[in-house]
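Just so you know, this note's numbering puts the end of the sequence shown at 533, numbered straight through with nothing missing.
Think of the CB as a built atom: it goes at the ideal place given N, C-alpha and C, for glycine as much as any other residue.
Contents: one structure, followed by commentary.
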Amino acid sequence: MAAENDFVKDITKKSVDFSAWYVDVIKKAELADYSPMKGMMVIRPYGYEIWELIRDQLDRMFKESGHRNAYFPLFIPESLLKKEAEHVEGFAPEVAWVTVGGGEVLEERLAVRPTSEAIICSMYSKWVKSWRDLPLLYNQWANVVRWEKVTRLFLRTTEFLWQEGHTVHATAEEAEEETLRMLATYRRLAEDYLAIPVVTGLKSDSEKFAGAVRTYAIEMLMPDGKALQAGTSHNLGQNFAKAFNIRYESKEQKLEYAWQTSWGATTRLIGALIMTHGDDSGLILPPRVAPIQAVIVPISAGNWQETVLPHAKKILNELKAAGLRVHLDDRDSYTPGWKYADWEMRGVPVRVEIGPKDIEKQQVVLVSRLDRKKSFVPWNGLAAELGSLLEHIQAELYRRAKAFHDENTRPAATYDELSEAMAGSRGLIKSGWCGGRDCEAKVKAGTAATIRVILDQPDATLGKCAVCGQKASHTVLFAKSY
Ligand SMILES: [Zn+2]
C-alpha cells in the first residue's frame, strides 16, 4: 500500500479542503487545465471523453422526443440582441464584442453569443409561416461566451460548451408541455446517468432567464452544502415571438404570434460529477459516463509479457466485444501498485487484476472503486459479471448521493433558523415564502442564500414566510449556490 499512499499525497484530501481537492483532482486526472486566457479552460481528452458520453446520451434523448440538431452563427449583430429588451439587459454585462474584422472597424459591432435566442429567432421569423410548420423542435450543440469575473474549472468559465434547444409552438399549452418535458429529460440524465439526485422547480422572478416568462431548473446539492444549477428550461411565452415577429397562420387563417421555449445544459455537469462522487483517493466516475469502465492490470512478475499478457489481451477483446469500455494497462515502466493508485485517482469504476495464479485457476480479480472490495470471477461469464458489478456501482453511487441530498434538505421556519443553517452546514433549506421580492432580497443580503427553486408541492407545516411572518404563498428551497 506504500505506493498508493505516495501517490495520493499529491491530492489534497476532500475532507480537509474541498476546493483545493477539486482543482487537484481535475489537474491530476488530466480532465482540464488553465489556458493562457484568464477564465478560459482547456478540456483535455479524458475530460472531453466524459463530455462526449454525456452529450451522446442527451442527444439520443432529444432525438427520441423529436428534436433535430442545427447550427447557427457564433456572432450576433448588436441590433438583433437588442430586440428583446429584458434579454439584452440581462446579458449585457457579460457580452464580449467584436468591433474590428479584416482590419476594418465594423459598422455594427457583433456580440459573441452568450446564448442564441436572438440569432435563432431572427431565422425562425423567416421559416415559420403556417401552423403546418409547427412545432419546430431544434437543438444546437455549441460553445458560448459569458465574460465572468470569477471563474472555476468546469463550474463557471468564460467560454463553455453546451446544448441549447429552441422550439416554436402553436399554443401556450404546448410550449409549457415542452418546457416541462425537457426539464424531465435533464432530471433523467442527472439521476439515471450521472447518479446525482436533483430537485426540480420554478425559479423566482429575480432568478429567471432574461426574457423568459417562466424558468424551471434542476438543482443538485454538492458535498460542501452548496447548490449547483445543472440545467434550465425556459418557457419564453410570446416575448421573443413579438420582438422578432414570429407569426404563423392558424387553421382558422388568422395570423398569430408563436409560443417558444429554450433549454440548456453545459459542461458544468462534469464539475457536478467530480464533486458529488469523488473521495480522498480522487475521482469516482459513474459507470454509465466513465470513458473507461474497467482497467485490466496484469501482474508484472517474471516474464509476464509472455505468460500473463496474452491472457490479459484475450480478456480485453472479449470484454470489448461485449460492449464494455475497457482499457489494458500494459505499461512496463510502472509497478502494479502504482497503476492501481493511478486508475483509482482517475475514477475508473472497476480494476481487473490478472496474475500467474489467476491464470492457473482461469479467473480474474475484480476490485470495486467504491470500497476496494475484491471478487474472484471465472473467465467464463466474466463480461456478464463485470456488467452487473458496474450496474451495482452505478446504483450505489446514486444511493449515496441521494442519502446525502435528503439528509441535508431541512426546514427552517424563521429567518434566524435559515441564517443559522447558512452559517453552519448549509444544505437545501426549505422555507415558506410570501412571494415578496423584499423578503427574497433580505435573505440574499443577510445570508448569501438565494431561492433555488419554488417547489411544486407546498409544505403545509411551513405556512408563514420565514422572513416577514405573513402567509406563505410558496414553499421554496434556499441555498448558497455555485
Ligand atoms: Zn415575506
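In this structure, the straight-line span from the alpha carbon of residue 147 to that of residue 154 is close to 18 Å.
For residue 266, the pairing in a beta bridge is given by DSSP as 285. Boundaries of the alpha helix (DSSP H) around residue 443: 433-458. Setting aside the 5 residues that flank it on each side, residue 461 is surrounded in the same chain by 472, 478, 479, 480 and 481, each with a C-beta closer than 8 Å to its C-beta; the list follows chain order. Each residue's CA atom was taken as its position, placing residue 263 and residue 67 some 41 Å apart. Within its own chain, the residues whose Cβ lies closer than 8 Å to the Cβ of residue 230, once the five positions on either side in sequence are excluded, are 265, 267, 284, 285, 286, 312 and 314, listed in chain order. Ranked by Cα distance from residue 319, the first of 292, 301 and 279 is 279. In this chain, the beta strand (DSSP E) harbouring residue 425 covers 425-429. Around the CB of residue 338, 16 or more other CB atoms lie within 10 Å, so the residue is classed as buried. Remark: C-beta atoms of residue 463 and residue 517 approach each other more closely than 7 Å.
With fewer than 16 other beta carbons inside 10 angstroms of its own, residue 427 counts as exposed.
Residue 252 is a Cβ neighbour of residue 504, given a cutoff of 7 Å.
Counting C-beta atoms within 10 angstroms of its own C-beta, residue 65 has 16 or more neighbours from the protein chains shown and is therefore classed as buried.
Looking at the DSSP output, residue 92 sits in a beta bridge with 85. The C-alpha of residue 159 is placed about 37 Å away from the C-alpha of residue 105. Between residue 415 and residue 401, the CB-CB gap reaches or exceeds 7 Å.
For residue 295, the enclosing alpha helix (DSSP H) has its first and last residue at 290-295.
Ligand 1 has no heavy atom closer than 6 Å to the beta-carbon of residue 527. The nearest non-hydrogen atom of ligand 1 is 6 Å or more from the C-beta of residue 494.
For residue 234, the uninterrupted alpha helix (DSSP H) run begins and ends at 223-239, by DSSP.
As summarised for the segment 298-336, the continuous alpha helix (DSSP H) elements at least 4 residues long and confined to that stretch are 319-328, given in chain order. Taking a C-beta distance under 7 Å as the contact criterion, residue 135 and residue 294 qualify as a contact pair. Contact between residue 215 and residue 166 holds: their C-beta atoms lie close to 6 Å from each other, under 8 Å.
Note that the C-beta distance between residue 342 and residue 360 is not below 7 Å.
Straight-line spacing of the CA atoms in residue 300 and residue 210 works out to 39 Å. For residue 76, there is no enclosing beta strand (DSSP E); the residue is part of the alpha helix (DSSP H) that begins and ends at 69-79.
In the three-state scheme derived from DSSP, where H, G and I count as helix and E and B as strand, residue 476 is classed as coil.
Shown here, residue 522 sits in a strand according to DSSP, grouped into three states. In this chain, residue 164 is not harboured by any alpha helix (DSSP H), its DSSP state being neither H nor E.
With 6 Å as the limit, the residues whose C-beta approaches a heavy atom of ligand 1 more closely than that are 485, 487, 490, 516, 518, 519 and 521, in chain order.
Taking all protein chains shown into account, residue 190 has 16 or more neighbouring C-beta atoms within 10 Å of its C-beta and is therefore buried. Residue 378: member of the beta strand (DSSP E) spanning 377-379, first to last residue. The DSSP-derived three-state label of residue 509 is coil. By alpha-carbon distance to residue 225, the top candidate from 450, 288 and 192 is 288. Inter-residue distance for residue 475 and residue 351 is about 50 Å (C-alpha atoms, whole angstroms).
Taking a C-beta distance under 7 Å as the contact criterion, residue 412 and residue 418 do not qualify as a contact pair.
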